[in-house]
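Structure first, then comments.
Listed below in structure tokens is the structure:
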């Protein structure tokens, strides 16, 4: 008898069929659920994505806004050029990767084939400039200097140049208005990277980067990029599955960027740049008796600031470069010239990134600290030729002795030993080598109240804070360097640095007496920037208000309407009283009339245009002295520093005087002609604009005459000057020689968070302009200062 069921199936077969049915039903349920998810629940999302698959965007770059000086002169503008561009996508579709096309293109353009090929390759960690740092899907400009004949050859022979276009395009142009350079202040542009485009793809308006965008990478171009960039136009084209255009899905017209009005006066900027260059040239022809060679004068900076607002009238940094090198993509040769060690890094803006010891210009801070600590303005203080502290001798410059003198006289003749004595006395009161639990630290505290050791908040990227070497910094510096010091000490060397390493290995965290007295004269580990010192001396001039330095004054629409004004911002108040301010004011005036700067200001009309100054000659280990001259009038603070440039007055005195002569219309004999003054008072009003948005330039009946070293009557244009190549620096004749001095001359709460955010360069782009370490100068910890 058979045990097979009537159905003909065994129990095992039945179970298998049931399992199979369950699997099939499960798959059907899963498929149904997925279809419901795609077609019902997320229908809108996938419909949009499907639509996007047949939409192609054609980007029309917006015209970038202009950067103007205080009178409306164009500092950074645009001009139309014939631009030849290459599409990498089209090249890669060629059998040879486009090599033949690029070869023919190079022949037409008169360029080496290698140069053309390098321009269209993509930048990465292993590829050096020149290369394309933007989106690989955006046409890559090969040249922005094509002639009409070259463009015609390309467009008439399209079959020979697939993916190559030649069309008029608005490109950036740095005009060199009035001959001013301003490279570090203005900055430069470069294309957005593919990564930047991807990261902002979901955003709209100015928050979204498009493949055709050029964005600011340095200077004002970077900080005010959103204002200047404008909004690119987008045409959405409908295409079929073969990429053929079948319709237009909409067009968004480009919107021109806004214009930026600055406080810079192009004429004053030119005067400052020329005089800084001349001062450095003069220093290189001056013999240094200490090192037995001429001064190197390898770099320098100068700032002119409106003391009543903190606005920058002029800012120069040397060495400098032509910012137009970046337009259209920088060549490998030019990039190397800007970033090599031999170039001394001209991309650095040394007015905000160059740090050095301030020398005796720091003594206005030390004087304030001494008074806050209880030392009397009416007292007298010994000024011997030298002091022995901690077993070391600290000398006055050239071992001059002035007997017992007031603090006013100490500032006037720049007596180091007065400040050595004050700092040492205060150090002892704070406990000396074994400090109290809460030492007063008046000299360090006051420096912080002056805003040192913190960024000023100027509207430029990558500003550095300088350094106040207080106890907290000493401990942090020791923790970070102890191992290196001890390793150097174990080698048993006898050089100066070896001796310092031995001391620091044991107790480098301690605030020694030598540290305290060196600091009081602006030496040791103290570091400041020129813009910080301009801010301090502006506060001395205006009655005690520390303004945040600014360059931009207003954002103006393309039609000339005010979008927003950038008002002055007061950050802090002078920590002393008005009596102390008046005291310092009188002392710094004495520096001009009978002190360490008097030999450079003989014949100056001090009774009509009172100037105030403090000279400084900072010693740097392994280098020649740094020249500092910090000055102010009732209107302006003018600060200049030259690395390895000699004494304060000797290195910078002539240049500073020339700048004031141009500002106020003063000739070499001290005669004043207001009609020849470039800017006798700071310009407060914004420029006026024509209905088409162009600025109305007020005619000026003066200009700087380099041959005479003064201002001269000339007719001035009534309209914005045409774009022109940046002018070279014009030599300025030296003042008539003056006898060298025989005395010691070469003789509000602070808000550190209120600073402009640094902007790091994008991935894969040059970062050298933020390499501030190259601007640092190692200072001599146990040295002496000079006037």
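In the working numbering, the protein residues as written are 13 to 799. Cβ atoms here follow ideal geometry from the backbone N, Cα and C, with glycine treated the same way. Here the structure is a predicted model, which means the values were calculated and not measured.
- Within the same chain, Cβ atoms closer than 8 Å to the Cβ of residue 189 are found at 81, 85, 86, 87, 278, 733, the five residues on either side in sequence being excluded.
- The alpha carbon of residue 660 has as its nearest neighbour, out of 702, 102, 603, 262, the alpha carbon of 603.
- Within the same chain, Cβ atoms closer than 6 Å to the Cβ of residue 483 are found at 523, the five residues on either side in sequence being excluded.
- Contact annotation: residue 380 and residue 592 have beta-carbon atoms nearer than 8 Å.
- In this chain, residue 470 is not harboured by any beta strand (DSSP E), its DSSP state being neither H nor E.
- Segment contact: the stretch 90-102 against the stretch 166-183, three or more CB-CB distances shorter than 8 Å; contact assigned.
- Where residue 103 is concerned, the enclosing alpha helix (DSSP H) starts and stops at 100-104.
- Taking 8 Å as the cut-off, the Cβ atoms of residue 350 and residue 382 do not count as close.
- Counting only runs of at least 4 residues, the stretch 601-685 fully encloses the following alpha helix (DSSP H) elements, listed from N- to C-terminal order: 660-676.
- Annotated three-state conformation of residue 423 is helix, per DSSP.
- When DSSP states are grouped into helix, strand and coil, residue 498 belongs to the helix group.
- A Cβ-Cβ separation of about 43 Å leaves residue 197 out of contact with residue 399 under the 8 Å criterion.
- The DSSP-derived three-state label of residue 559 is strand.
- By the criterion of a C-beta distance shorter than 8 Å, residue 444 is surrounded in its chain by 525, once the five residues flanking it on both sides are discounted.
- Between residue 270 and residue 225, the gap from beta carbon to beta carbon reaches 8 Å or more.
- If you check the CB distance, residue 393 and residue 423 do not come in under 8 Å.
- With 16 or more other CB atoms across the displayed protein chains lying within 10 angstroms of its CB, residue 409 is buried.
- Around the beta-carbon of residue 167, fewer than 16 other beta-carbon atoms lie within 10 Å, marking it exposed.
- Take the alpha-carbon of residue 115 and the one of residue 125: they are about 6 Å apart.
- The C-beta separation of residue 638 from residue 653 comes to about 6 Å, placing the pair in contact by the 8 Å criterion.
- Leaving aside the five residues that flank residue 236 on each side, the residues in its chain whose CB is nearer than 7 Å to its CB run, in chain order, 272, 564.
- When Cβ pairs closer than 8 Å are counted between the two stretches, the stretch 329-347 is seen not to touch the stretch 678-688, the count staying below three.
- Take residue 110, set aside five residues on each side of it, and the residues of its chain with a beta-carbon closer than 6 Å to its own are 103, in chain order.
- The DSSP assignment places 100-104, 111-121, 125-132 as complete runs of the alpha helix (DSSP H) inside the stretch 66-142, in order along the chain (cut-off: 4 residues).
- Beta-bridge pairing by DSSP links residue 272 to 79, 567.
- Every alpha helix (DSSP H) stretch that sits fully inside the stretch 167-223 and reaches 4 residues is listed by chain position as 195-198, 206-211.
- The criterion of a C-beta distance shorter than 8 Å is satisfied by residue 377 and residue 462.
- One thing to note: residue 552 has its Cβ no nearer than 8 Å to the Cβ of residue 283.
- Of 35, 709, 413, 480, the smallest CA-CA separation from residue 455 is found for 480.
- The alpha-carbon separation between residue 507 and residue 305 amounts to approximately 22 Å.
- Between residue 620 and residue 437, the alpha-carbon positions lie close to 41 Å from each other.
- With a beta-carbon spacing of about 30 Å, residue 582 and residue 287 fall beyond the 8 Å limit used to define contacts.
- When C-alpha distances from residue 657 are compared across 292, 177, 43, 176, the shortest belongs to 292.
- Contact between the stretch 544-563 and the stretch 571-588 is present, with at least three C-beta pairs closer than 8 Å.
- Within the same chain, no residue comes within 6 Å of residue 40 by CB-CB distance, once the 5 residues on both sides are set aside.
- When the five nearest sequence neighbours on each side are left out, the beta carbons in the same chain lying within less than 6 Å of the beta carbon of residue 156 are those of 93, 95, 183, 340, in order along the chain.
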